[in-house]
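*Asks:* After the structure tokens below, expect a handful of questions from me.
Number of protein chains: 2
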Amino acid sequence: MKKDLLYQHGTLGALVPGLLNGTQPLSELLTHGDFGIGTLTGLNGELIILGGKVYQVQASGKVAEISSGSVPFANVHFPDFGAPQPIEARTAQVVQTKMLAQIGTRNLFAAVSLHGRFAQVRARAVKEQHRPFPGLAATAADQAVFSRQDVTGMLMGYWSPQLYAGMASPGFHLHFLSDDHDFGGHVLDFAGVTGELATQRFSDVQLHLPAADTEFLQADLEGDLLADITKAEH
Amino acid sequence: MKKDLLYQHGTLGALVPGLLNGTQPLSELLTHGDFGIGTLTGLNGELIILGGKVYQVQASGKVAEISSGSVPFANVHFPDFGAPQPIEARTAQVVQTKMLAQIGTRNLFAAVSLHGRFAQVRARAVKEQHRPFPGLAATAADQAVFSRQDVTGMLMGYWSPQLYAGMASPGFHLHFLSDDHDFGGHVLDFAGVTGELATQRFSDVQLHLPAADTEFLQADLEGDLLADITKAEH
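Structure (structure tokens):
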């Protein structure tokens with residue numbers, strides 16, 4: 167249980183051509199951390215992992231606690247956050263600037279956890295995709311978008327330095343889960359936050375690839391994938 | 167001692183603007199593997215690590231076994247190679263094609279180890295750089311190049327998928343050490359090989375960053391570093 171290590175299953179670049187099959191069971195993923203984000207086979211829902219519990223925000227808007235399923239892509243770690251700092255900000259941009267300041271560098275991977283009250287949160291969940299899986303850019307267009315006013319919950323996720331853009335979405339990748347477990351998803355925007363922000367930076371990142379998955383081993387991942395990643399994740 | 171894990175200290179992108187200071191002592195590096203490649207502070211020499219022994223090919227051409235020093239960049243692992251396969255090839259290009267075939271995928275990190283007789287090997291060692299350190303492209307021009315005919319030794323190193331071009335040199339990164347420990351370096355070219363090739367692929371890569379190094383934490387690593395990496399490493 168290494169506290170300064172971020173664990174990642176799968177690589178973002180493999181989602182671009184449509185390798186959306188789950189290649190690691192949740193039970194195995196959770197041995198590497200009890201806090202994190204991810205998605206299931208077919209990008210079926212946005213996962214928020216807190217205290218070892220896995221919440222799936224479905225494209226219907228429903229939030230379900232789940233205990234089985236496999237992830238094509240996920241990040242988890244064992245929390246060892248620094249002391250939470252009070253934060254108050256009007257825009258997502260200001261929050262992200264404050265997150266980076268609290269992390270203290272753009273060059274390490276880091277986790278963020280912001281619990282508080284939000285005047286507005288806009289989040290999305292991709293609709294479950296089926297074989298033959300489309301590429302990531304197409305799935306990003308096939309999503310449900312939810313908005314909620316005056317919601318209390320947890321904004322959480324990871325900062326990835328730009329240098330690793332092929333394996334992780336560069337910048338912040340944030341998910342949200344309301345305290346009443348009634349709303350959440352992959353965060354598109356938010357505003358009017360009052361809460362507490364905690365950050366944790368990592369000296370080590372362990373990238374775990376689906377080494378036994380024939381589709382992955384044979385895929386052509388050498389095109390210009392970064393443009394599609396940027397398009398799909400923002 | 168995880169056999170399917172490649173350990174890397176430092177990130178290739180940080181060498182580009184000249185972060186050439188050693189940030190991990192060899193003694194610590196060797197706890198993560200006894201086979202590998204790397205370099206010392208100021209890119210002082212090309213390291214070949216075999217059986218836990220560290221050989222430094224200096225810009226003078228001298229090969230020294232060393233036991234201290236710090237690495238800005240290195241890869242190590244604990245060998246668990248598959249059965250060696252006989253290999254005979256006229257050119258480096260054919261050897262690399264055979265290496266990839268034996269690895270069986272371009273999408274995982276892998277190690278290669280080719281012991282044999284070489285009709286020719288051309289290798290380089292960068293000259294030790296001093297502060298203020300130049301960028302990687304400049305150091306690549308400031309190197310000594312050595313050639314040797316009819317030499318028996320070990321060609322070894324790693325395959326990194328293109329997707330991770332910011333953290334590792336995409337493609338093969340190969341070093342050479344002659345059996346008599348009299349010749350070696352970062353391999354530029356070779357020809358006429360008869361030997362045995364063993365490969366090992368990794369499900370996991372652990373990237374260890376210099377999380378306590380102020381220069382690293384504050385560096386601007388968000389430019390277009392890949393062009394410089396390609397220029398310097400090939």
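For the record, the sequence lines run as chains A and B.
Using our numbering, you'd call the opening residue of the first sequence number 167 and step up by one each time.
Using our numbering, you'd call the opening residue of the second sequence number 167 and step up by one each time.
Every residue gets a Cβ at the ideal spot worked out from N, C-alpha and C, and that includes glycine.
Remember, predicted model here, so these are calculated numbers, not experimental data.
Which residues mark the beginning and the end of the beta strand (DSSP E) in which Ala240 of chain A is found?
*Replies:* 239-243
*Asks:* With a threshold of 7 Å on Cβ separation, who are the neighbours of Ala310 of chain B within its own chain once the five nearest residues in sequence on each side are excluded?
*Replies:* Ala225, Gly227, Arg290, Ala291, Lys293
*Asks:* In the DSSP assignment, the alpha helix (DSSP H) including Val260 of chain B goes from what residue to what residue?
*Replies:* 258-269
*Asks:* Where Arg272 of chain A and Tyr324 of chain A are concerned, what is the direct C-alpha to C-alpha distance, given to the nearest angstrom?
*Replies:* 12 Å
*Asks:* How many Å lie between His281 of chain B and His296 of chain A at the Cα?
*Replies:* 47 Å
*Asks:* Can you list, in chain order, the residues of its chain whose CB lies under 7 Å from that of Val182 of chain B, leaving out five sequence neighbours each side?
*Replies:* Gly301, Leu302, Leu391, Asp394, Ile395
*Asks:* Is there a Cβ from chain A that is less than 8 Å from the Cβ of Val242 of chain B?
*Replies:* no
*Asks:* Going along chain B in order, which residues have a C-beta closer than 8 Å to the C-beta of Pro300 of chain A?
*Replies:* Those do not exist, as Pro300 of chain A stays about 20 Å from chain B at its closest Cβ, beyond 8 Å.
*Asks:* Let me know the beta strand (DSSP E) ranges lying completely inside the region 197-222 of chain A, each 3 residues or longer, listed in chain order.
*Replies:* 201-205, 212-216
*Asks:* Report yes if the CB atom of Tyr330 of chain B is closer than 8 Å to the CB atom of Met333 of chain A, and no otherwise.
*Replies:* yes
*Asks:* So, are the CB atoms of Leu373 of chain B and Asp246 of chain A less than 8 Å apart?
*Replies:* no
*Asks:* Taking the alpha-carbon of Gly327 of chain A as reference, which of A:Met320, A:Pro336, A:Leu321, A:Gly319 has the nearest alpha-carbon?
*Replies:* This sequence places Pro at residue 327 of chain A; Gly is not what is there. Per the Cα distances, A:Pro336.
*Asks:* Using only the alpha-carbon positions, how far apart do Ala180 of chain B and Gln315 of chain A sit?
*Replies:* 43 Å
*Asks:* With respect to the beta strand (DSSP E) encompassing Ser344 of chain B, which residues constitute its N-terminal and C-terminal limits?
*Replies:* Start and end: 337-344.
*Asks:* When the cut-off is 8 Å and only beta carbons count, does Val371 of chain B lie next to chain A?
*Replies:* yes
*Asks:* Got a sec? Which residues, its chain only, sit under 8 Å from Gly248 of chain B by beta carbon, not counting five neighbours each side?
*Replies:* Counting only Cβ-Cβ distances below 8 Å, and skipping sequence neighbours, we find Gln268, Ala364, Thr365, Gln366.
*Asks:* Consider the Cβ of Gly332 of chain A: report whether some Cβ of chain B lies at a distance smaller than 8 Å.
*Replies:* yes
*Asks:* If you follow the beta strand (DSSP E) that Gln328 of chain A is in, where does it begin and where does it stop?
*Replies:* Unbroken run through Gln328 of chain A: none, as it is neither H nor E.
*Asks:* Residues of the region 260-293 of chain A with a CB closer than 9 Å to any CB of chain B: list them in chain order, please.
*Replies:* Gly270, Thr271, Arg272, Asn273, Leu274, Phe275
*Asks:* Which one or two residues does DSSP pair with Glu362 of chain B in a beta bridge?
*Replies:* BP columns for Glu362 of chain B point to B:Pro252, B:His281.
*Asks:* Can you grab the Cα-Cα spacing for the pair Asp170 of chain B / Arg256 of chain B, in whole Å?
*Replies:* 31 Å
*Asks:* Give the DSSP bridge partners of Val292 of chain A, in chain order.
*Replies:* A:Gln309
*Asks:* Using a Cβ-Cβ distance cut-off of 8 Å, determine whether Phe349 of chain A contacts chain B.
*Replies:* no
*Asks:* Residues of chain A with CB closer than 7 Å to the CB of Gly179 of chain B, please, in chain order.
*Replies:* Leu329
*Asks:* Compare the Cα-Cα distances from Met322 of chain B to each of B:Ala304, B:Leu354, B:Lys168 and report the closest residue.
*Replies:* Out of B:Ala304, B:Leu354, B:Lys168, B:Leu354 has the C-alpha closest to the C-alpha of Met322 of chain B.
*Asks:* Near Asp345 of chain A, which residues of its chain fall below 6 Å by C-beta distance, leaving aside the five closest residues on each side in sequence?
*Replies:* Thr318, Gly319
*Asks:* Measure the alpha-carbon distance for Phe382 of chain A versus Pro376 of chain A and round it to whole angstroms.
*Replies:* 7 Å
*Asks:* Since Glu388 of chain B is in the alpha helix (DSSP H), which residue starts that stretch and which ends it?
*Replies:* Glu388 of chain B -> no alpha helix (DSSP H), and no H or E assigned at all.
*Asks:* Restricting to Cα atoms, I'd like to know which of B:Gly211, B:Val287, B:Arg283 is closest to Ser313 of chain B.
*Replies:* B:Val287
*Asks:* Can you confirm whether Ala255 of chain B, when its beta carbon is compared against all beta carbons of chain A, has any partner nearer than 8 Å?
*Replies:* By this cut-off, Ala255 of chain B is not an interface position.
*Asks:* Apart from the five residues on each side of it in sequence, which residues of its chain come closer than 8 Å, Cβ to Cβ, to Gly204 of chain B?
*Replies:* Its chain contains His175, Leu195, Leu213, Ile215, Val237, Phe239, Ala240, Asn241, Val242 as the residues whose beta carbon lies nearer than 8 Å to that of Gly204 of chain B, once the 5 sequence neighbours on both sides are disregarded; these appear in chain order.
*Asks:* Quick one: which chain A residues come within Cβ less than 8 Å of Ala385 of chain B?
*Replies:* Per Cβ cutoff of 8 Å: Asn273.
*Asks:* By alpha-carbon positions, which one of B:Ala385, B:Gly361, B:Gln384 ends up nearest to Gln251 of chain B?
*Replies:* B:Gly361
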